[in-house]
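Notes follow the structure.
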Amino acid sequence: MVPRPHLNTIAVTIPTARLPIPCTASRCCSPYIHQAAAESQLISAIDASNGLLHARETHARLLRLGFRDSSFLLAKLLRRLAEHGIPMDPYPRLVFSQVRHPNSFLWTSLIRGYSLRGQLQQALLHFASMRRHESCGVAKSLGSGTQLHAQTIFIGGFNSDLYVQNTLIGMYVECGELALAHKVFDKMSVRDVISWTSLIVAYSRSGNMGLAGELFEQAPEKDTVAWTAMVSGFAQNARPRDSLTFFRRMKEEGVETDDVTLVGVISACAQLGAVMEAKKISDDLHRRGSHRGLVVGSALVDMFGKCGLIDEARRVFDAMEEKNVYTYSAMIVGLAAHGQAKDALKLFEEMVTKSSVKPNRVTFVGVLTACSHAGLVEEGHYYFETMWDRHAIVPSADHYACMVDLLGRAGLLEEAHALVNSMPGEPHGGVWGALLGACRIHGNAEIAEVAAESLFKLEPHAIGNYIVLSNVYAQAGMWEKVLKVRGLMRERGLRKNPGCSLMETKDGALHEFFAGDVSHPRTNEIKAALEELLGKLKVAGYVPNLSSVYYDVSDGEKERLLKGHSEKLALAFGILTTGVGQTIRIVKNLRVCDDCHSVMCFASSVAERKIVIRDNLRFHHFQDGVCSCGGFW
DNA sequence: ATAGGGTTAG
Numbered sequence: 007m008v009p010r011p012h013l014n015t016i017a018v019t020i021p022t023a024r025l026p027i028p029c030t031a032s033r034c035c036s037p038y039i040h041q042a043a044a045e046s047q048l049i050s051a052i053d054a055s056n057g058l059l060h061a062r063e064t065h066a067r068l069l070r071l072g073f074r075d076s077s078f079l080l081a082k083l084l085r086r087l088a089e090h091g092i093p094m095d096p097y098p099r100l101v102f103s104q105v106r107h108p109n110s111f112l113w114t115s116l117i118r119g120y121s122l123r124g125q126l127q128q129a130l131l132h133f134a135s136m137r138r139h140e141s142c143g144v145a146k147s148l149g150s151g152t153q154l155h156a157q158t159i160f161i162g163g164f165n166s167d168l169y170v171q172n173t174l175i176g177m178y179v180e181c182g183e184l185a186l187a188h189k190v191f192d193k194m195s196v197r198d199v200i201s202w203t204s205l206i207v208a209y210s211r212s213g214n215m216g217l218a219g220e221l222f223e224q225a226p227e228k229d230t231v232a233w234t235a236m237v238s239g240f241a242q243n244a245r246p247r248d249s250l251t252f253f254r255r256m257k258e259e260g261v262e263t264d265d266v267t268l269v270g271v272i273s274a275c276a277q278l279g280a281v282m283e284a285k286k287i288s289d290d291l292h293r294r295g296s297h298r299g300l301v302v303g304s305a306l307v308d309m310f311g312k313c314g315l316i317d318e319a320r321r322v323f324d325a326m327e328e329k330n331v332y333t334y335s336a337m338i339v340g341l342a343a344h345g346q347a348k349d350a351l352k353l354f355e356e357m358v359t360k361s362s363v364k365p366n367r368v369t370f371v372g373v374l375t376a377c378s379h380a381g382l383v384e385e386g387h388y389y390f391e392t393m394w395d396r397h398a399i400v401p402s403a404d405h406y407a408c409m410v411d412l413l414g415r416a417g418l419l420e421e422a423h424a425l426v427n428s429m430p431g432e433p434h435g436g437v438w439g440a441l442l443g444a445c446r447i448h449g450n451a452e453i454a455e456v457a458a459e460s461l462f463k464l465e466p467h468a469i470g471n472y473i474v475l476s477n478v479y480a481q482a483g484m485w486e487k488v489l490k491v492r493g494l495m496r497e498r499g500l501r502k503n504p505g506c507s508l509m510e511t512k513d514g515a516l517h518e519f520f521a522g523d524v525s526h527p528r529t530n531e532i533k534a535a536l537e538e539l540l541g542k543l544k545v546a547g548y549v550p551n552l553s554s555v556y557y558d559v560s561d562g563e564k565e566r567l568l569k570g571h572s573e574k575l576a577l578a579f580g581i582l583t584t585g586v587g588q589t590i591r592i593v594k595n596l597r598v599c600d601d602c603h604s605v606m607c608f609a610s611s612v613a614e615r616k617i618v619i620r621d622n623l624r625f626h627h628f629q630d631g632v633c634s635c636g637g638f639w
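Going by this note's numbering, the first sequence opens with residue 7, and the numbers climb by one from there.
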């Protein structure tokens, strides 16, 4: 299954960029030197080329010397040709078409050539064709040359051609030039649904759903694509409930939905953990027969994983004929979040050995978190090493964060700290955050202070860091320092995120509970059910964990605060609304505290329910008094 | 011909 880790030490290896190193003891490095020399000679020749004939000679030399695929040199040649006013057809166009994998620089040179000669339709056609190619993996970034070219066209007229204008908007959106996109839109005398949708997408991508929504309401015509842009826009901007609302509105108004629409809603359900809605969508897809498609399937794997139905995720995964890196990553990440580390690693091995799908950085985040949440330190080291050894992926700060988390959780705080200090590049908030989190678990106030100091500089408004540091102090009984951190928070105008738990009843209704919440219509019943449950749990041996309250108050007050935790309210409500043997599913926005965790363990056996909780990190499956997380959370 | 889609730590 999992290959033997070959690393036992906490090696702090600094990955270096793997450049081809031509020199060996037996072979001289001259071929490389020759090639570099040839390249620089060609550059000079291109720069010096005068007119078509000279350029053709240089081109021939370039081909002879084996540079037929050098986007860089050929782009230079194209630019030179354009500067000399040589018509784009046929020669420069031929130069371009001979390159098998043109990069965006070469594309830009071609487009620029056309636009400089006033052949704007041609320029746009090539622009459109470049965008089609980009989705096949060519560099996504558009050079400043392309932007320049667009402006040329913009100034040069064509404001009556709907197609040209729409293409321009699309291009500006891709360049992130929102204001310019809007300017083109404003100047248009005739707009169609594509113009409106392009602009809606532009605002949605910039995070401005308010304006996107206004445009949507104003648009005179709305088709499936326009509606879908809103549904996925809300999902991508972390507003899953609005996404669902729009989806429902769309159906009410009789607008056709398609696979793309459903992918948007799937993502919303994944964020919410809304199981009932998720199942409805999945059934819908089955009826359409498109549940096994590549994108839909990958989204479903992710959704079921995030809704706590990991077996269902696996079923979809196994049924898919075509899988890519999204599919595998979603499945691996899902298994990791459910604590099924061995399965996650096994799947990764299958991916590497049996499929032709190459893992990417996201896949490795999944693999490393799987190790971390299961305490598999040696395996984590092993996979971290293979990233660059075997898969040519240079670990990013995110991967270092995973390693710090892995070491830290396992109690190797010094090693984790050393890794932070020795990693290449500056550690970001995630890296320090992982270290701080580990300090909370192991009660190390000293290293926690170091981590927090960096975090307060890097992300002064991230409230969680203050809370965790203050909790570390509280655990150690350092109350004066707790007050100091609270003072700091007040100074910076930061307020604690209220704990919130979500429970979905069978009818698909979502019930929300906050800490100490009495606003639920059945609050009295819930309170009574909780009291009754806690009474039974105490008989079974449950003792309230008062050290989970990080306030310096009396024990009685601590117990009262513990009872108000949102997941306990959700649990009590769950017991009211389910029967013995059924599953209670809760989604929580923050980490589950130790006391709630132990209550869930006890309750799963005493109340004879399965309890599945998704917190901000992972899933806990409670059954017969035991949690699947094994203490790692 | 031009608009909407899936995986990421603490």
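All C-beta atoms in this analysis are idealised placements derived from N, C-alpha and C, irrespective of residue type, glycine included.
How many Å lie between residue i and residue j at the Cα?
{"i": "Arg597", "j": "Asp621", "result": "6 Å"}
{"i": "Val474", "j": "Gly580", "result": "29 Å"}
{"i": "Ala468", "j": "Val491", "result": "13 Å"}
{"i": "Ala88", "j": "Ala350", "result": "54 Å"}
{"i": "Gly72", "j": "His107", "result": "15 Å"}
{"i": "Leu508", "j": "Arg496", "result": "28 Å"}
{"i": "Ala284", "j": "Ala129", "result": "45 Å"}
{"i": "Gly414", "j": "Tyr472", "result": "19 Å"}
{"i": "Ala31", "j": "Arg74", "result": "Confidence at Ala31 is low in this model, with a pLDDT of 33, below 50, so its placement is unreliable and the value that follows should be read with caution. Approximately 31 Å, taken between the alpha carbons."}
{"i": "Val237", "j": "Trp639", "result": "33 Å"}
{"i": "Val410", "j": "Met309", "result": "28 Å"}
{"i": "Phe323", "j": "Gly303", "result": "7 Å"}
{"i": "Gly57", "j": "Gly91", "result": "9 Å"}
{"i": "Ala51", "j": "Ser361", "result": "46 Å"}
{"i": "Leu494", "j": "His297", "result": "51 Å"}
{"i": "Lys438", "j": "Val373", "result": "Looking at the sequence provided, one finds Trp at residue 438 rather than Lys. So the two alpha carbons sit approximately 20 Å from each other."}
{"i": "Val549", "j": "Val478", "result": "22 Å"}
{"i": "Leu69", "j": "Leu59", "result": "16 Å"}
{"i": "Gly314", "j": "Arg498", "result": "37 Å"}
{"i": "Glu258", "j": "Glu459", "result": "52 Å"}
{"i": "Glu328", "j": "Leu300", "result": "6 Å"}
{"i": "Arg591", "j": "Ile619", "result": "6 Å"}
{"i": "Ala342", "j": "Gly279", "result": "17 Å"}
What span of residues does the beta strand (DSSP E) with residue i cover, start to end?
{"i": "Met509", "result": "506–510"}
Where does residue i fall in DSSP's three states?
{"i": "Leu71", "result": "coil"}
{"i": "His517", "result": "strand"}
{"i": "Asp95", "result": "coil"}
{"i": "Ala480", "result": "helix"}
{"i": "Gly436", "result": "helix"}
{"i": "Cys635", "result": "coil"}
{"i": "His405", "result": "helix"}
{"i": "Lys189", "result": "helix"}
{"i": "Lys502", "result": "coil"}
{"i": "Ile39", "result": "Confidence at Ile39 is low in this model, with a pLDDT of 43, below 50, so its placement is unreliable and the value that follows should be read with caution. It is helical."}
{"i": "His60", "result": "helix"}
{"i": "Met177", "result": "helix"}
{"i": "Gln128", "result": "helix"}
{"i": "Arg118", "result": "helix"}
{"i": "Met194", "result": "coil"}
{"i": "Asn530", "result": "helix"}
{"i": "Ser141", "result": "Below a pLDDT of 50, predicted positions are generally treated as unreliable, and Ser141, at 45, falls in that range; the measurement from the model is reported next regardless. Correct three-state label for Ser141: coil."}
{"i": "His65", "result": "helix"}
{"i": "Ser460", "result": "helix"}
{"i": "Asp167", "result": "coil"}
How would you write the range of the alpha helix (DSSP H) that residue i sits in, first residue to last?
{"i": "Glu318", "result": "316–325"}
{"i": "Phe240", "result": "230–242"}
{"i": "Gly219", "result": "215–224"}
{"i": "Ser77", "result": "77–89"}
{"i": "Met495", "result": "485–497"}
{"i": "Tyr209", "result": "199–211"}
Any alpha helix (DSSP H) of 4 or more consecutive residues that is wholly inside the stretch 337–387: The qualifying runs are 347–360, 367–380.
Continuous beta strand (DSSP E) assignments of at least 3 residues falling wholly in the stretch 603–632: DSSP runs (the beta strand (DSSP E)) wholly in the stretch 603–632: 616–620, 625–629.
Contiguous beta strand (DSSP E) assignments of at least 3 residues, all confined to the stretch 565–609: Counting only runs of 3 or more, we get 589–594.
Every unbroken beta strand (DSSP E) within the stretch 250–330, with a cutoff of 3 residues, ordered by chain: Within the stretch 250–330, no complete beta strand (DSSP E) run reaches 3 residues.
Length-filtered (3 minimum) beta strand (DSSP E) runs lying within the stretch 410–457: Entirely contained in the stretch 410–457, not one beta strand (DSSP E) run reaches 3 residues.
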